[in-house]
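Following our numbering, the numbering of the sequence shown begins with 1 at its first residue and continues without gaps.
Glycine residues also receive a C-beta, built at the ideal position from the N, C-alpha and C atoms.
The model shown is predicted, which means the values in this text are computed figures rather than measured ones.
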Amino acid sequence: MKSLRRSALVLFLNQTNEELRLDTQSQWPHQGKWSLGKEPPSFILAGGGALWQSESAGVGCGTSGSITYRIVGGAPEQMVVTSWKVPYFRRNSYQGSVTMKEFDIEVQGGKGRHCIVVFIFRSAAACN
């Protein structure tokens, strides 16, 4: 029998020299819940990584959410935003955005009912 639940395992790689702090106003899934013990961390160290997972809260439901991190010591408007949507029907979708022109975010992966998506935050110069 096919799984009637959905989940998104998010891997965030911080390939910059900047430490990131979780914006605590942004840490809840829009649909579903955090998997037990897999909530987003409060900080992501420079050159480090983080892992979190959301899952559907019931049978026949999807999961979606977004997380915002801010650069430690940076201006309040300096943000990195990740979002994911793993619906019960339709295709999965993911988006990453940054508010600083000197940085970029790449999104990889994410197919299936229990997907893995990778967000890579890095210097925009590293992309050229």
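Outcome for residue i when other beta-carbon atoms lying within 10 angstroms are tallied against a minimum of 16
| i | result |
| --- | --- |
| Arg6 | buried |
| Lys111 | exposed |
| Ala124 | exposed |
| Ala8 | buried |
| Val130 | Since the displayed the chain opens at 1 and closes at 128, residue 130 lies outside it and no answer follows. |
| Met1 | For Met1, the pLDDT reaches just 39, beneath the cut-off of 50, and the residue's location in the model is therefore unreliable, leaving the point undetermined. |
| Gly96 | buried |
| Pro40 | buried |
Contact under 8 Å by Cβ, residue i with residue j
| i | j | result |
| --- | --- | --- |
| Ile105 | Val80 | yes |
| Leu13 | Val118 | yes |
| Gly65 | Ser42 | no |
| Phe121 | Thr16 | yes |
| Leu11 | Gly49 | yes |
| Val86 | Gly47 | no |
| Gln78 | Arg70 | yes |
| Ser35 | Ile67 | no |
### Query
Unbroken beta strand (DSSP E) runs of length 3 or more, entirely within the stretch 12 to 45: which are they?
20 to 22, 29 to 31
### Task
Indicate whether the contact test is met: 3 or more Cβ pairs, each with one atom in the stretch 27 to 38 and one in the stretch 53 to 67, closer than 8 Å.
yes
### Message
List, from N- to C-terminal side, the beta strand (DSSP E) runs of 3 residues or more that fit wholly inside the stretch 51 to 126.
### Response
63 to 71, 79 to 86, 93 to 98, 103 to 109, 114 to 123
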